[in-house]
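Numbering (this note's numbering), first residue to last: 1213 to 1543. Even for Gly, the Cβ is constructed at its ideal location relative to N, Cα and C. Remarks on the structure that follows.
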């Protein structure tokens, strides 16, 4: 009497969702705000260097979990599921609601469920790709069946509005996906990296001790150094995951990179010999939303009808740490 071998187990994206706070801040509005403090910038200056035209800022009473909640609800609805069916919640964020508990636990409470594993991942702008990779691994291993993976950020809280080279770049928002176990491949290949030699080129070095913030609680960045590292690692990791999946540049239908700077994004697409029409761009309207940027852009692309079921999509993130990673998937 023979026993049937168990079939391979994969994870697939069942639904996507996103959320942006109501306060849309154009470049001109931001320039006017900065001018009041004697800081000069302009819409032309920002657009030329970054491709950003607007971003959204959270209200004073909105935390990361408040942005994550509606994004998660939208992803669950798109997946045709209710929160009680989720057995894993991972939130990627560098701007958590509090020191602890995790933003994922706070999101779990907002969703009205309890019992499933819930934790945060902190890899800055690579956070969503890191979180997606962890969730994919847990589903493949059988440790979870349906996972909610969210990127949520309120970077406006850590911006230095006296530094025009950084404060014009970032915005707030959240994006989410629901992953489910499947016998058909969805997440085809992933890869994660970090190089701590570059810790100082992008960081928020403050910490809490004795009821006070020690060091600076504001974001610091060496833009030129970040640019040089980012362009090189994004091409390399993209090619590596393609090799793992047995695919080539020509097999990519859509490239969804971290939405940091249009020059970095277009540079990566060109290195992969991709038509720029296959590059999903939301940085112009969202700015850099750190861990939220990739799932936000994915949701926009899905809901606009560009990304269709069966398309091959490359997701990429790069951020402080220095961290980077990629995930190749069949949507």
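Return yes when the Cβ of residue 1392 is within less than 8 Å of the Cβ of residue 1224, no when it is not. Going by C-beta atoms, residue 1224 is nearer than 8 Å to residue 1392.
Sorted by chain position, which residues of the same chain lie with C-beta nearer than 8 Å to residue 1371's C-beta, five sequence neighbours on each side aside? Sequence-distant partners of residue 1371 (beyond 5 residues in either direction) whose C-beta falls short of 8 Å from its own C-beta, in its chain, are 1378, 1379, 1382, 1430 and 1431.
Is it buried or exposed for residue 1231, if we count other Cβ within 10 angstroms and need 16 for buried? buried
Cβ neighbours of residue 1213 in the same chain (closer than 8 Å, five flanking residues each side left out): With a pLDDT of only 41 at residue 1213, under 50, the local geometry of the prediction cannot be trusted, and the value read off the model is given with reservation. For residue 1213, there are no CB contacts under 8 Å within the same chain when 5 residues up- and downstream are skipped.
Per-residue DSSP class, three states only, for residue 1239: Helix, per DSSP.
Since residue 1529 contacts residue 1341 with CB under 8 Å, what's their CB separation in whole angstroms? A Cβ-Cβ separation of about 4 Å places residue 1529 in contact with residue 1341 under the 8 Å criterion.
Supposed contact pair residue 1347 and residue 1362 - C-beta distance, whole angstroms, cut 8 Å: Actually they are not in contact, since the Cβ atoms of residue 1362 and residue 1347 sit about 10 Å apart, beyond 8 Å.
Out of 1244, 1369 and 1413, which has the shortest C-alpha to C-alpha gap to residue 1441? Residue nearest to residue 1441 within the set 1244, 1369 and 1413 is 1413 (criterion: CA-CA distance).
With three or more beta-carbon pairs closer than 8 Å as the criterion, would you say the stretch 1492 to 1508 touches the stretch 1462 to 1471? With the cut-off at 8 Å, the stretch 1492 to 1508 and the stretch 1462 to 1471 touch.
Three-state secondary structure assigned by DSSP to residue 1213: Residue placement at residue 1213 cannot be trusted, given a pLDDT of 41 that sits under 50; what the coordinates show is reported in the next sentence. Here residue 1213 sits in coil by DSSP.
Any alpha helix (DSSP H) of 4 or more consecutive residues that is wholly inside the stretch 1262 to 1328: Inside the stretch 1262 to 1328, DSSP marks whole alpha helix (DSSP H) runs of 4 or more residues at positions 1276 to 1291 and 1315 to 1323, from first to last along the chain.
Measure the alpha-carbon distance for residue 1489 versus residue 1479 and round it to whole angstroms. 13 Å
Just to confirm the assignment, what range does the beta strand (DSSP E) spanning residue 1384 have? 1384 to 1394
Please classify residue 1410: is it buried, with 16 or more other beta-carbons within 10 angstroms of its beta-carbon, or exposed? Flag for residue 1410 reads buried.
Where the alpha helix (DSSP H) through residue 1498 begins and ends: 1495 to 1498
At least three beta-carbon pairs within less than 8 Å, the stretch 1327 to 1335 to the stretch 1277 to 1285: no
If you draw a straight line from the alpha carbon of residue 1265 to that of residue 1395, how long is it in whole angstroms? 42 Å
Sort out for me which residues DSSP pairs residue 1410 with in a bridge. In the DSSP output, where bridge partners are listed per residue, residue 1410 has none listed.
Residue from 1233, 1298 and 1260 with nearest C-alpha to residue 1272: 1233
Do residue 1298 and residue 1319 have their beta-carbon atoms positioned less than 8 Å apart in this structure? no
Could you spell out where the beta strand (DSSP E) holding residue 1424 opens and where it closes? From DSSP, the beta strand (DSSP E) with residue 1424 extends over 1424 to 1426.
Terminal residues of the beta strand (DSSP E) in which residue 1507 lies: Not the beta strand (DSSP E): residue 1507 falls in the alpha helix (DSSP H), residues 1505 to 1515.
Bounding residues of the alpha helix (DSSP H) (the contiguous stretch that carries residue 1350): Note, residue 1350: alpha helix (DSSP H), 1339 to 1353.
With residue 1335 as the anchor, note down where its beta strand (DSSP E) starts and where it stops. That residue, residue 1335, is in no beta strand (DSSP E); it is neither H nor E in DSSP.
What do you get for residue 1368, buried or exposed, if any count of 16 or more other CB atoms within 10 angstroms of its CB means buried? buried
If distances are taken between C-alpha atoms only, which option among 1304, 1253, 1308 and 1322 comes closest to residue 1296? 1322
Using only the alpha-carbon positions, how far apart do residue 1332 and residue 1390 sit? 16 Å
Close-in-space but distant-in-sequence residues of the same chain around residue 1282 (CB under 6 Å, 5 per side omitted): 1231
Beta-carbon proximity list for residue 1155, same chain, < 6 Å, skipping 5 on both sides: In this structure the chain extends from 1213 to 1543, so residue 1155 is not present and cannot be described.
On the DSSP bridge list, what partners appear for residue 1433? 1414
With distance defined between alpha-carbon atoms, name the residue in 1270, 1402 and 1509 nearest to residue 1457. Checking every option, the nearest Cα to that of residue 1457 belongs to 1402.
Closest to residue 1486 by CA distance: which of 1349, 1523 and 1464 is it? 1464
Spatial neighbours of residue 1286 in its chain, beta-carbon cut-off 6 Å, leaving aside the 5 residues before and after: 1229
May I ask you to report which of helix, strand or coil DSSP gives residue 1542? strand
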